[in-house]
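Trainee:
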DNA sequence: TTGTAGGCGTTATCAT
DNA sequence: ATGATAACGCCTACAA
């Protein structure tokens, strides 16, 4: 049976003190004698009283609740990120209120809810959310923190890996392994992650003579991998020697398509590289070479940004970039130095 | 700059009406003239006013916020479940507050928070949460809904698949395919999912002559797969012909261990079956045969249970069981009918 | 240190 | 239909 919730007044009565005394007993660093606090706590326990955080927030203007907009949870990168973020925030007495943001649908609903609940802040991990939303929240004084996503708008804090650098590392690595006909499988066009990775990859290759890069869009959609594979190895010209996918999920499904639909061997016939270093990338079936995102550091940084903005509303937003590292696994092979043409030069091969 | 939040009083002033009128204008089905409502809405928009849900909840005693305890987000089954649950709940104007519950750690913290925030209900998906917690919440009138988990305690509503039946289907299928030396890789011992699947599998096999079942614990831990594989195929006796893992994640990693560490072929040398039908189970690299959980129906049912218990506090909790189906893929092979009986003997492999 | 009283923003009750 | 007024449960001056 649910008795009527005990309130601070009930506790006060039982303990024979004022209601404010009860409030103080449950407030860190409030001025109250130890004796009285003890009496209050005892009465509270007897009644099973717990301070109502919602009521408290009405006056403190802080709920301790932070909105979290997520798009694609089927990508382990995000589920892992979210889990760790939630864990770390809980340690600081914050909690995440989940918002699923389907396609580019009504991100206005999200806006409404965030405002209506007077959330302390909003974290955006979804690549699909409009930046218009960010602006509207800023002007209401609700801090916005972007994770794995950036925006020109400097009103939002953000944490992201150095995608451009990471992608350039991938490019250099592939070239070093002797690959010359390359391909880039893009993510969703207008996302910051895709733009930066694409730029990093292409720029690093631009200066290398004899390298060709095929560009094809994959939209971060694992279901497009088969058609991507077919297009890359279409009759016309020879297929690429190495393929860089804008994220691991696409890379894994592309590997499957290459191996089981096109009957190509990875890495013997074609090499594949991803980005993120999600757990499945390490599975024996894939052994995907990838550029890792420093997920723990990213989460730590995000927590700092959040706490910073929430506890001192005056503080300026910050943009943070973190570097990961190239994780070399078996999905990339070595090409023999085709001493031939334009520029490519020796690099001896060692193969597994 | 963050102007002071406009309140209903501000709107009332601007619109030249009472504060209660503003409240009514934003309340579905409140008695107010269309004319007045329009005036209020206009003034509200002008000021950027949005009703404060937190303040409202103080008197309605409903926050629209539901706690969600999750354990292992690295298992796609749960991340998918959560995503869909959140989606469906949002459509009903509910939102999920995330609680990560690490090991069997202090589930008391969770309890505290749920109470302190006066959440409308708590959904438990974690297999690790103590049932003591459920009881404490019930007595405070906070409904508890279990997903993919059951408990003796009938005070909680629950949605789960018919694990016992599903596992028995797996057993019958393996027997029908000619397998006789079987193995069960268990999940975490005292979880309802593991208990039920194990029982279903073993019972269905008990009545079949000539079948042996090896039992080994895997703890739903993908990192134990290698040692599990080694133990199963330890020198002594011949290894199993088919292995049923208590969930897909273990099955996938076990397949990797079998293939890449023990150099066994799946399904030619040994068959593997999982439970859940997570997305990766369909990957070409695995083609895992598995028993599916009807995740959409489970989510729908859960939403119903939640809404039911929240909106009519008098309603009794219900326990729901749903059936999935056997999804046959290439990870299971066929053994030739070894017309003989009791024990192991030659059986050549049929392959794809 | 302690109690009193006012207010946080809303909904609910009660007249009108 | 409308407006005053009292909750909702708590925090925080203010005064003592």
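Residue numbers (the working numbering), protein chains in the order written: chain A, 17 to 368; chain B, 17 to 368. No residue lacks a Cβ here, since even glycine has one placed at the ideal position from N, Cα and C.
What is the DSSP secondary structure of residue 258(A), counted as helix, strand or coil?
Mentor: strand
Trainee: Determine, for residue 236(A), whether the minimum Cβ-Cβ distance to residues of chain B falls below 8 Å.
Mentor: no
Trainee: What does residue 66(B) touch in chain A if you count any residue whose Cβ is under 8 Å from its own?
Mentor: 128, 131, 132
Trainee: Below 6 Å CB to CB, which residues in the same chain sit around residue 208(A) once its five sequence neighbours on both sides are set aside?
Mentor: 165, 166
Trainee: Which residue comes first and which comes last in the alpha helix (DSSP H) that contains residue 205(B)?
Mentor: From DSSP, residue 205(B) is part of no alpha helix (DSSP H); its letter is neither H nor E.
Trainee: Terminal residues of the continuous beta strand (DSSP E) containing residue 173(A)?
Mentor: Element bounds for residue 173(A): 173–177.
Trainee: When you compare each of 232(B), 179(B), 82(B), 271(B) to residue 342(B) by their alpha carbons, which one comes out closest?
Mentor: 179(B)
Trainee: Can you tell me whether residue 387(A) is helix, strand or coil according to DSSP?
Mentor: Limits of chain A in this structure are 17 at one end and 368 at the other, which puts residue 387(A) out of reach.
Trainee: Out of curiosity, what's the CA-to-CA distance linking residue 194(A) and residue 200(A)?
Mentor: If you draw a straight line from the Cα of residue 194(A) to the Cα of residue 200(A), it is about 17 Å long.
Trainee: Per DSSP, which one or two residues make a beta bridge with residue 337(B)?
Mentor: Note: residue 337(B) sits in a beta bridge opposite 176(B).
Trainee: Does the stretch 267–280 of chain B touch the stretch 321–332 of chain B, meaning 3 or more C-beta pairs lie closer than 8 Å?
Mentor: Judged by Cβ distances under 8 Å, the stretch 321–332 of chain B makes no contact with the stretch 267–280 of chain B, as fewer than three pairs qualify.
Trainee: What residues match up with residue 83(B) in a beta bridge as DSSP calls it?
Mentor: 113(B), 138(B)
Trainee: Please compile the residues from chain A whose C-beta is within a distance smaller than 9 Å of the C-beta of residue 301(B).
Mentor: 268, 271, 272, 275, 276, 299, 301, 302
Trainee: Any idea if residue 46(B) is buried or exposed, counting beta-carbon neighbours within 10 angstroms, 16 or more meaning buried?
Mentor: exposed
Trainee: With DSSP collapsed to three states, give me the class of residue 302(A).
Mentor: coil
Trainee: What are the complete alpha helix (DSSP H) segments, minimum 4 residues, inside the stretch 203–247 of chain B?
Mentor: Here the runs fully enclosed are 208–222.
Trainee: Report yes or no: do three or more beta-carbon pairs, one from the stretch 313–324 of chain A and one from the stretch 97–111 of chain A, lie closer than 8 Å?
Mentor: Yes, they touch.
Trainee: Do the stretch 218–225 of chain A and the stretch 249–266 of chain A meet, that is, are 3 or more Cβ pairs less than 8 Å apart?
Mentor: Contact check between the stretch 218–225 of chain A and the stretch 249–266 of chain A: fewer than three CB pairs, one atom from each, fall below 8 Å, which does not count as touching.
Trainee: Check whether chain A comes within 8 Å of residue 95(B), counting only Cβ atoms and requiring the distance to be less than that.
Mentor: yes
Trainee: Excluding the 5 residues preceding and the 5 following residue 358(B) in the sequence, name in chain order all residues of the same chain whose CB lies nearer than 6 Å to its CB.
Mentor: Bear in mind that the predicted position of residue 358(B) carries a pLDDT of just 39, short of 50, making it unreliable; the figure below should be weighed with that in mind. If we look at residue 358(B) and ignore the five residues flanking it on each side, its Cβ neighbours are 226.
Trainee: Would you mind reading off the limits of the alpha helix (DSSP H) that contains residue 371(A)?
Mentor: Since the first and last residues shown for chain A are 17 and 368, residue 371(A) lies out of range.
Trainee: Say whether chain B places a C-beta atom closer than 8 Å to the C-beta of residue 63(A).
Mentor: no
Trainee: For the alpha helix (DSSP H) that residue 102(B) lies in, which residues bound it at each end?
Mentor: 92–107
Trainee: How would you label residue 33(B), buried or exposed, when you count the other beta carbons within 10 angstroms and need 16 or more for buried?
Mentor: Classification of residue 33(B): buried, given that the 10 Å Cβ count is 16 or more.
Trainee: State the start and end residues of the unbroken alpha helix (DSSP H) segment that holds residue 264(A).
Mentor: Its alpha helix (DSSP H) spans residues 264–272.
Trainee: Would the stretch 345–352 of chain B and the stretch 296–314 of chain B be scored as touching if the rule is three or more Cβ pairs under 8 Å?
Mentor: yes
Trainee: Got a sec: is the Cβ-Cβ distance from residue 98(B) to anything in chain A below 8 Å?
Mentor: yes
Trainee: Chain A beta carbons: is any one of them nearer than 8 Å to that of residue 368(B)?
Mentor: Residue placement at residue 368(B) is poorly supported in this model, since its pLDDT is 34, which falls under 50; the coordinates still yield a value, given next. No, residue 368(B) lies away from the interface with chain A (no Cβ there is under 8 Å from its Cβ).
Trainee: Given a cut-off of 8 Å, decide if residue 289(B) and residue 254(B) are closer than it, judged by their beta-carbon atoms.
Mentor: No, the Cβ-Cβ distance between residue 254(B) and residue 289(B) is not below 8 Å.
Trainee: Considering only the alpha carbon of each residue, which of 95(B), 198(B), 142(B) lies closest to residue 285(B)?
Mentor: Here the closest residue by C-alpha is 198(B).
Trainee: Show which residues of chain A have a CB atom less than 8 Å away from the CB atom of residue 49(B).
Mentor: Those do not exist, as residue 49(B) stays about 25 Å from chain A at its closest Cβ, beyond 8 Å.
Trainee: Given 8 Å as the limit, is there contact between the stretch 167–178 of chain B and the stretch 146–157 of chain B, that is, 3 or more CB pairs closer than that?
Mentor: yes
Trainee: Roughly how many angstroms lie between the CA atoms of residue 63(A) and residue 60(B), to the nearest whole one?
Mentor: The straight-line gap from Cα to Cα measures roughly 42 Å.
Trainee: Use the C-beta contact count for residue 75(A): other C-beta atoms within 10 angstroms, 16 or more gives buried, fewer gives exposed.
Mentor: exposed
Trainee: So, is the C-beta of residue 71(A) closer than 8 Å to a C-beta in chain B?
Mentor: Yes, residue 71(A) lies at the interface with chain B (some Cβ there is under 8 Å from its Cβ).
Trainee: Any beta carbon of chain A sitting closer than 8 Å to that of residue 81(B)?
Mentor: yes
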